[in-house]
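Chemist: Could you have a look at this structure, given as structure tokens, before my questions?
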């Protein structure tokens with residue numbers, strides 16, 4: 053049966069239209085839109101009016117795509133994450149979406165988000181060798197340690213790139229003071245929890261990791277049904293370049309998508325921090341994440 057999942061992320065909304073056939077995921081259509089839902093209010097616990105307008109406009113387009121592919125309304129599910137979890141006006145938004153578009157939205161806890169990310173990555177990696185999944189979002193970042201049997205540990209930290217970007221008052225270039233502030237912010241939120249995640253293999257789940265793939269390989273990332281490996285030396289070079297780059301540098305880099313040009317240094321700091329903290333020796337990239345995971349459950 054054809055179904056649609058909408059991941060209402062803090063920065064990006066992702067639509068996936070697919071069906072599960074004989075245990076395999078058959079993707080019919082997928083699209084993403086930069087909505088910046090958390091911009092202007094995430095650290096104060098609300099969704100700003102202009103962000104709500106962008107969200108409704110994008111969801112209207114997504115609804116039209118679902119109609120084009122003959123997806124019944126009851127087979128469309130929206131998943132709200134960090135920005136909507138924290139917003140005092142999220143219930144009004146959810147009610148408006150259902151009233152106007154007949155799309156139901158479930159706002160899920162961080163641990164449930166991590167579980168769905170794991171279910172999504174499982175389409176692309178069998179975990180016969182244990183790995184830590186890292187999913188960098190706009191509002192939160194999830195870490196999931198798993199083996200071939202199940203999830204061993206999972207945590208969701210409120211250290212998403214949009215949240216930190218606004219906390220730093222939106223710098224265009226990142227000075228040593230900014231970098232220290234990012235590291236201190238993450239340490240304050242993490243409080244030693246990552247000590248449980250020691251592992252030498254990390255799977256970066258879509259998003260920023262796809263951008264770093266493109267920067268390393270100087271070509272477009274084409275999603276596949278399996279993980280791809282990133283060269284660690286080349287990855288560290290691109291992380292360092294991103295952290296030390298100016299906004300002009302990033303604007304002129306064709307492999308950085310527009311929504312990431314401002315915030316990519318924060319993603320780079322996070323990834324480098326996690327690699328060093330966990331002792332990562334091998335980095336894999338999965339193009340699947342939460343929305344694909346929903347189809348393992350929905």
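Numbering (this note's numbering), first residue to last: 53 to 350.
Quick reminder that beta carbons are idealized off the backbone N, C-alpha and C, glycines included.
Just so you know, these numbers come straight off a predicted model, no measurement behind them.
1) Looking only at its own chain, which residues have a Cβ that is under 8 Å from the Cβ of residue 99, when we skip the five neighbours before and after it?
2) Check whether the stretch 335–343 and the stretch 58–72 are in contact - that is, three or more C-beta pairs closer than 8 Å.
3) Among residues of its own chain, excluding the 5 on either side of residue 115, which ones have a beta-carbon nearer than 7 Å to its beta-carbon?
4) Just confirm the distance between the C-beta atoms of residue 121 and residue 80, as a whole number of angstroms; I'd bet it's less than 8 Å.
5) Less than 6 Å between C-beta atoms, sequence neighbours within five positions excluded: which residues of the same chain meet that for residue 262?
6) Do you know offhand how far residue 199's Cα is from residue 296's?
7) Alpha carbon to alpha carbon, how far is residue 133 from residue 293?
8) Taking residue 338 as the reference, give the member of 329, 76, 327 and 183 with the closest Cα.
9) Just how far apart, CA to CA, sit residue 347 and residue 280?
10) Could you tell me the boundaries of the alpha helix (DSSP H) in which residue 172 lies?
11) Using CA coordinates, which residue listed in 125, 173, 166 and 312 is at the minimum distance from residue 151?
12) Which stretch, first to last residue, makes up the alpha helix (DSSP H) that contains residue 301?
Modeler: Let me spell this out:
1) Residue mapping note: residue 99 aligns to position 47 of the chain shown, counting from 1. Excluding residues within five positions, the ones whose Cβ falls inside 8 Å are 89, 90, 93, 107, 135, 136, 139, 141, 142 and 145.
2) In short, these stretches touch, since the Cβ pair count reaches three.
3) The residue you call residue 115 lines up with position 63 of the chain shown. Only 153 and 155 meet the Cβ criterion.
4) On the chain shown, position 69 is the one that residue 121 refers to. On the chain shown, position 28 is the one that residue 80 refers to. For a cut-off of 8 Å, the C-beta gap from residue 121 to residue 80 is around 6 Å, short enough to register as a contact.
5) Translated into the one-based positions of the chain shown, residue 262 becomes position 210. Correct list, in chain order: 273.
6) By one-based count along the chain shown, residue 199 stands at place 147. By one-based count along the chain shown, residue 296 stands at place 244. Rounded to whole angstroms, residue 199 to residue 296 spans 35 Å at the Cα level.
7) As a working note, residue 133 is residue 81 in the chain shown. As a working note, residue 293 is residue 241 in the chain shown. Counting only the Cα atoms, residue 293 lies some 30 Å from residue 133.
8) Mapped onto the chain shown, residue 338 falls at position 286. Answer by Cα proximity: 183.
9) Residue 347 sits at position 295 when you count from the first residue of the chain shown. Residue 280 sits at position 228 when you count from the first residue of the chain shown. Between the C-alpha atoms of residue 347 and residue 280 there is a straight-line separation of about 22 Å.
10) Position 120 of the chain shown, counting from 1, holds the residue named residue 172. The continuous alpha helix (DSSP H) containing residue 172 extends over residues 162–173.
11) Position 99 of the chain shown, counted from the start, is the residue given in the question as residue 151. Considering only alpha carbons, the answer is 125.
12) Within the chain shown, residue 301 is the residue found at index 249, counting from 1. For residue 301, the uninterrupted alpha helix (DSSP H) run begins and ends at 299–303, by DSSP.
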